[in-house]
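Numbering (the numbering used here), first residue to last: 3 to 602. Yeah, the Cβ is synthetic: ideal placement off N, Cα and C, and Gly gets one too.
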Amino acid sequence: MCGIVGYIGNQDAKEILLQGLEKLEYRGYDSAGIAIVSEDNNHLFKEKGRIAALREAVDYNVNGTVGIGHTRWATHGAPSQINAHPHQSASKRFTIVHNGVIENYQQLMREYLADVDFVSDTDTEVVVQLIEKFVSEGQSVEGAFRFTLSLLKGSYALALLDREDRNKVYVGKNKSPLLVGISEDVNVVASDAMAMLHVTDQFVELMDQEMVIVTRDNITIKTLAGETIDREPYTAELDASDIEKGTYPHYMLKEIDEQPLVIRNIISKYQDDNNDIKLSADIREAMKEADRIYIIAAGTSYHAGLVGKQLIEKLAGKPVETHIASEFLYNMPLLSEKPLFIFISQSGETADSRGVLVKVKEKGYPALTITNVPGSTLSREADFTLHTFAGPEIAVASTKAYTAQMAVLAILAVDTAKAKGIEIDFDPIQELSIVANAMEALCDQKEKLEKIAREYLAVTRNCFFIGRAADYFVCLEGALKLKEISYIQAEGFAGGELKHGTIALIEDGTPIIAIATQEHVNLSIRGNVKEVAARGAYPCIISMEGLQEEGDTLVIPAVHEYLTTLVSVIPLQIISYYAALHRDCDVDKPRNLAKSVTVE
Ligand code: M6R
Numbered sequence: 003m004c005g006i007v008g009y010i011g012n013q014d015a016k017e018i019l020l021q022g023l024e025k026l027e028y029r030g031y032d033s034a035g036i037a038i039v040s041e042d043n044n045h046l047f048k049e050k051g052r053i054a055a056l057r058e059a060v061d062y063n064v065n066g067t068v069g070i071g072h073t074r075w076a077t078h079g080a081p082s083q084i085n086a087h088p089h090q091s092a093s094k095r096f097t098i099v100h101n102g103v104i105e106n107y108q109q110l111m112r113e114y115l116a117d118v119d120f121v122s123d124t125d126t127e128v129v130v131q132l133i134e135k136f137v138s139e140g141q142s143v144e145g146a147f148r149f150t151l152s153l154l155k156g157s158y159a160l161a162l163l164d165r166e167d168r169n170k171v172y173v174g175k176n177k178s179p180l181l182v183g184i185s186e187d188v189n190v191v192a193s194d195a196m197a198m199l200h201v202t203d204q205f206v207e208l209m210d211q212e213m214v215i216v217t218r219d220n221i222t223i224k225t226l227a228g229e230t231i232d233r234e235p236y237t238a239e240l241d242a243s244d245i246e247k248g249t250y251p252h253y254m255l256k257e258i259d260e261q262p263l264v265i266r267n268i269i270s271k272y273q274d275d276n277n278d279i280k281l282s283a284d285i286r287e288a289m290k291e292a293d294r295i296y297i298i299a300a301g302t303s304y305h306a307g308l309v310g311k312q313l314i315e316k317l318a319g320k321p322v323e324t325h326i327a328s329e330f331l332y333n334m335p336l337l338s339e340k341p342l343f344i345f346i347s348q349s350g351e352t353a354d355s356r357g358v359l360v361k362v363k364e365k366g367y368p369a370l371t372i373t374n375v376p377g378s379t380l381s382r383e384a385d386f387t388l389h390t391f392a393g394p395e396i397a398v399a400s401t402k403a404y405t406a407q408m409a410v411l412a413i414l415a416v417d418t419a420k421a422k423g424i425e426i427d428f429d430p431i432q433e434l435s436i437v438a439n440a441m442e443a444l445c446d447q448k449e450k451l452e453k454i455a456r457e458y459l460a461v462t463r464n465c466f467f468i469g470r471a472a473d474y475f476v477c478l479e480g481a482l483k484l485k486e487i488s489y490i491q492a493e494g495f496a497g498g499e500l501k502h503g504t505i506a507l508i509e510d511g512t513p514i515i516a517i518a519t520q521e522h523v524n525l526s527i528r529g530n531v532k533e534v535a536a537r538g539a540y541p542c543i544i545s546m547e548g549l550q551e552e553g554d555t556l557v558i559p560a561v562h563e564y565l566t567t568l569v570s571v572i573p574l575q576i577i578s579y580y581a582a583l584h585r586d587c588d589v590d591k592p593r594n595l596a597k598s599v600t601v602e
């Protein structure tokens, strides 16, 4: 989704900002722009499309040591050069970039800006015009900025330049992530630390409804009431090399291949010297105390949550409900007396999940975040965090974060069972190492999986994934993977549900990918395959060693029945990857999608 960078230092800002924007490309965007403060003016360069197009549009004769940049994922107004950020006030004195959504922008326009001619269709332009209006009425720039922020409803991360004061960048934040990076005589602004790691690894977090005046050698954080706040920086523990593709053609393929390593990493992080599970006593207590667990997540993380429910219920005997964050937000079910909320989020920044967390905290309920980004909003605002240790996930299609989430959930489930004194015959550490080996074996079968992708998916219009029990959950994820990167209409169904409607869609040659890793439903799912095959479908059966039948398309190595989803998803990820390649799709940056969905 949208990204912000800002720089105030002693070097030419253009290249630093452009490099910063390139680091944010993975988040998804449809236009990009930078503004550079030079001796005589604020210079604006913006383009629809990729940063490569912006690079061509930049006038390299314009030099300046202060600037801001933006990648836009359109919300208000189509993706276009005009709607791309930065935006300027009518006199062009003020220049702004914005992430988020200003919910009351039309009301503000009517109330304060009736006589202003707007250039773009964006909500952002209202903010910069308001600042100009209040300054023209006699307020200081800082005062006008603060007053404007106090009028805004919705989410924002903002960075503002003033042509009349070339030594300051004003920033403000509410609900959208924003950090200020500090170094010697250089300060930066970034919506994601990764974007500015080439300048500094020291960052200061901003809280909601705070603003900062950033100069070369100082940052002043204030509340909207004008009180100054002291806050220590933290070190962003990110390795810049983790965010490189290396020899891989795409991040997605690299991240798929990293999964065995990620699982081994999780094992080492969650195992103590006695080979027991290492987990904070507070989390253990919170899990034990809760009478019901509510898992809240979106997309792929929601699919991991479905598996998590099953693991916690089966192993720890604790009732769990898994909810889609955006639904839970506006349609909260009746809650139990002592709930514990678990938020699952790769990025830790998903606005829908954060919306629920805010409500949960208002009610005083405990919350645990399972995330790949400790220090993210969901991690900071929850009471506890479990880290998934998957390393930065850059491809929009989530792969290693999903399997890491399920691995951590399995460990949590076993730990809770043990805390409750339940005897179980399942050692997650040992079983996860078997999973890592099985993943490796599947990652080595790319040639075969590429052939399957070509045969079943190179030209099809649609594809259905069917499975029962845990296999159904992985079908939902397989379908999401396929549709988001190859644009094939793909849906996951519980095998038994097909004949209640969906079977009407089966035509001659419709590809059906069936997953069969669960012994207790093996016969039933095979029956479902026969039903669709009899109606012309073209089935691809992925079964597990020990349950295979003659003619199965792929047999995955056997793993514990609680952990099959971690392994059966690997061929689905790889098949989706090759299907997207066969259809000439942009694997790492699928259309209309963003890596981190920071607007509701
Ligand atoms: O960062 P999160 O895990 O909270 O993101 C949730 C979804 O937006 C995300 O999983 C999305 O569905 C992925 N693109 C799927 O590959």
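- Where phenylalanine 136 is concerned, there is no enclosing beta strand (DSSP E), although the alpha helix (DSSP H) around it starts and stops at 126-138.
- Per the DSSP secondary-structure output, isoleucine 487 pairs with nothing in a beta bridge.
- Sorting Gly480, Ile295, Asn374, Val137 by C-alpha distance to the C-alpha of proline 341 places Ile295 at the top.
- In this structure serine 93 is exposed. Its beta-carbon is surrounded by fewer than 16 other beta-carbon atoms within 10 angstroms.
- Between isoleucine 577 and alanine 539, the alpha-carbon positions lie close to 18 Å from each other.
- Comparing C-alpha distances from histidine 78 to each of His100, Asp167, Arg57, Val64 shows the shortest one belongs to His100.
- Excluding sequence positions up to five before and after leucine 20, its CB lies within less than 8 Å of the CB of Ile36, Ile53, Leu56, Arg57, Val60, Gly71, all in the same chain and listed in chain order.
- In the displayed model, tyrosine 253 falls within a helix according to three-state DSSP.
- Annotation for leucine 337 indicates a beta carbon at 7 Å or more from all heavy atoms of the ligand M6R.
- When DSSP states are grouped into helix, strand and coil, methionine 209 belongs to the coil group.
- Take lysine 485, set aside five residues on each side of it, and the residues of its chain with a beta-carbon closer than 7 Å to its own are Gln491, Ala492, in chain order.
- DSSP, read as helix, strand or coil, puts glycine 529 in helix.
- By the C-beta density criterion, tyrosine 579 is buried, having at least 16 other C-beta atoms within 10 angstroms.
- A direct Cα-to-Cα measurement between isoleucine 258 and threonine 225 gives close to 43 Å.
- In this structure tyrosine 474 is buried. Its beta-carbon is surrounded by 16 or more other beta-carbon atoms within 10 angstroms.
- The shortest C-alpha to C-alpha distance from glutamate 449 to any of Tyr367, Leu556, Val531, Pro513 is the one to Leu556.
- Relative to the non-hydrogen atoms of the ligand M6R, the Cβ of glycine 301 comes within a distance shorter than 7 Å of at least one.
- Ala292 is the residue among Glu457, Ala292, Ser435 whose C-alpha sits nearest the C-alpha of glutamate 339.
- Separation of serine 355 and valine 64 (C-alpha to C-alpha, rounded to the nearest whole angstrom) is 42 Å.
- For lysine 155, the secondary structure class from DSSP, reduced to helix, strand or coil, is coil.
- Secondary structure in the stretch 96-121: the beta strand (DSSP E) runs of 3 residues or longer, each lying completely within the stretch, are 96-101 in chain order.
- Just so you know, the alpha carbons of alanine 353 and serine 178 end up roughly 8 Å apart.
- When DSSP states are grouped into helix, strand and coil, leucine 240 belongs to the coil group.
- Cβ neighbours of tyrosine 304 within its own chain (closer than 6 Å, five residues either side excluded): Ile326.
- For cysteine 465, the enclosing beta strand (DSSP E) starts and ends at 464-469.
- Remark: the C-beta of alanine 399 is in contact range of the ligand M6R, defined as less than 7 Å to any heavy atom.
- Shortest gap from the CB of serine 193 to any heavy atom of the ligand M6R: 7 Å or more.
- Inside the stretch 379-415, DSSP marks whole beta strand (DSSP E) runs of 3 or more residues at positions 386-389, from first to last along the chain.
- Annotation for glutamine 348 indicates a beta carbon within 7 Å of some heavy atom of the ligand M6R.
- Three or more beta-carbon pairs separated by less than 8 Å are not found between the stretch 392-406 and the stretch 273-289, which leaves the two stretches without contact.
- Judged by beta-carbon spacing, valine 561 lies beyond the 8 Å limit of isoleucine 468, meaning their Cβ atoms are not closer than that value.
- For a cut-off of 8 Å, the C-beta gap from alanine 195 to glycine 8 is around 13 Å, too long to register as a contact.
- Only buried fits phenylalanine 147, as 16 or more other CB atoms lie within 10 angstroms of its CB.
- In this structure, Asn594 is the residue among Val601, Asp117, Asn594 with its C-alpha nearest to the C-alpha of aspartate 32.
- In this structure glutamate 395 does not touch glutamine 432 by the C-beta definition: roughly 26 Å separates them, more than the 8 Å allowed.
- Leucine 180 and threonine 202 have their C-alpha atoms spaced approximately 15 Å apart.
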